[in-house]
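So the sequence shown is numbered by the UniProt record's numbering: it starts at 1 and just counts up by one. Following: one structure in structure tokens, then a few remarks.
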Amino acid sequence: MSRAIVLFYHDVVLYKDDFELLNEHQWLNDTCIEFYMEYLEKTKLIPQKNEEEDRLTIFLLRPGLTFLISNIQDAQFLASALPREIYTAEIIFMPINNNPNPTRAGGGTHWSLVVYLRAQQRFLHYDSVQGFNIAVARAAVERVADLLDVKEISFLPMLTPQQDNGADCGVFVISIIDYLVNRILTNSTNFDTDREMQISSTNEITSPGEMRLRLRQLVEQLRGDSQSLR
1 MSRAIVLFYH DVVLYKDDFE LLNEHQWLND TCIEFYMEYL EKTKLIPQKN EEEDRLTIFL
61 LRPGLTFLIS NIQDAQFLAS ALPREIYTAE IIFMPINNNP NPTRAGGGTH WSLVVYLRAQ
121 QRFLHYDSVQ GFNIAVARAA VERVADLLDV KEISFLPMLT PQQDNGADCG VFVISIIDYL
181 VNRILTNSTN FDTDREMQIS STNEITSPGE MRLRLRQLVE QLRGDSQSLR
């Protein structure tokens, strides 16, 4: 394992061993997913929020916080320490990991994605191995619902493009977040939940191979930009 730093990007530190996980056939860790969420937030969500106040507000809950909320006995204990956006955003994206041991960082074997729609009080679950993470996702949703004072939980498994190997679940989560965030921003002023949150075919999202390449190129680009400023 190499702890050489490849990139500082706002609140994320990407190490060499994290960067190498972006290669083919590697299982992504939470840092890889957090990096892209940070990038989307800084390049898409904050600029859109500043330019157009009437757009739907989106919050990307980082994997580590999602895991913490999912595994603490009383999520209300964390209430005052959580980002305020979790209580106000109209749409919240939450990566779900099936790590059974809350004391062991970096565990688990599978990633999926939950999206919370505040207006409809719905939790949508996207899983690239259909049904594999459903119990873990439901348990996480129960904790989040308690935190957000959701009285009646509506949990909907969504049609999701399926992976064909054991390594691409995290890449699918990133691709789905990327696709849905861009779709919401494009159609935010005339948002139809039933239509916009559907993924009707695999071709609608970026393929795992292409997304891995995009992520590697993005890291190299940001690294070059940061070095040029020194």
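Where is the CB? At the ideal position from N, CA and C, for every residue including glycine. These numbers come from a predicted model, not from an experiment.
Could you give the residue range of the alpha helix (DSSP H) that holds residue i?
| i | result |
| --- | --- |
| Met37 | Asp30 to Leu40 |
| Val173 | Cys169 to Thr186 |
Alpha carbon to alpha carbon, what distance is there between residue j and residue i?
| i | j | result |
| --- | --- | --- |
| Ser228 | Ala75 | Only weak support is given to the placement of Ser228: the predicted model assigns it a pLDDT of 43, under 50, and the value that follows is read from those uncertain coordinates. Those two C-alpha atoms are separated by around 43 angstroms. |
| Asn165 | Ile134 | 19 angstroms |
| Ile153 | Val144 | 10 angstroms |
| Leu113 | Asp168 | 13 angstroms |
| Asp225 | His25 | 28 angstroms |
| Leu185 | Arg55 | 7 angstroms |
| Gly209 | Val115 | 24 angstroms |
| Ser188 | Phe132 | 31 angstroms |
| Phe191 | Ala119 | 12 angstroms |
| Tyr126 | Ile33 | 15 angstroms |
| Asp178 | Leu61 | 14 angstroms |
Tell me whether residue i sits in a helix, a strand or coil according to DSSP, three-state version.
| i | result |
| --- | --- |
| Ile134 | helix |
| Leu215 | helix |
| Leu21 | coil |
| Pro95 | strand |
| Phe155 | strand |
| Ser112 | strand |
| Ile86 | helix |
| Ile199 | coil |
| Leu222 | helix |
| Ser228 | Note that Ser228 scores a pLDDT of 43, beneath 50, so its modelled location is shaky; the value from the coordinates is reported in the next line. Residue state, collapsed to three classes: helix. |
| Phe67 | helix |
With a threshold of 16 other CB atoms inside 10 Å of the CB of residue i, please say whether the residue is buried or exposed.
| i | result |
| --- | --- |
| His110 | buried |
| Pro161 | buried |
| Ser201 | exposed |
| Leu180 | buried |
| Ile5 | exposed |
| Asn99 | buried |
| Gly108 | buried |
| Pro95 | buried |
Could you spell out where the beta strand (DSSP E) holding residue i opens and where it closes?
| i | result |
| --- | --- |
| Val13 | Val12 to Tyr15 |
| Leu124 | Arg122 to Tyr126 |
| Phe8 | Ile5 to Tyr9 |
With a cut-off of 8 angstroms on the beta carbons, I'd call residue i and residue j a contact; round off their distance for me.
| i | j | result |
| --- | --- | --- |
| Phe67 | Ile92 | Not really, about 15 angstroms apart at Cβ, beyond 8 angstroms. |
| Val129 | Leu28 | Their Cβ separation, rounded to whole angstroms, is 14 angstroms, which puts Val129 and Leu28 out of contact at 8 angstroms. |
| Asp11 | Glu38 | 6 angstroms |
| Thr206 | Arg214 | 7 angstroms |
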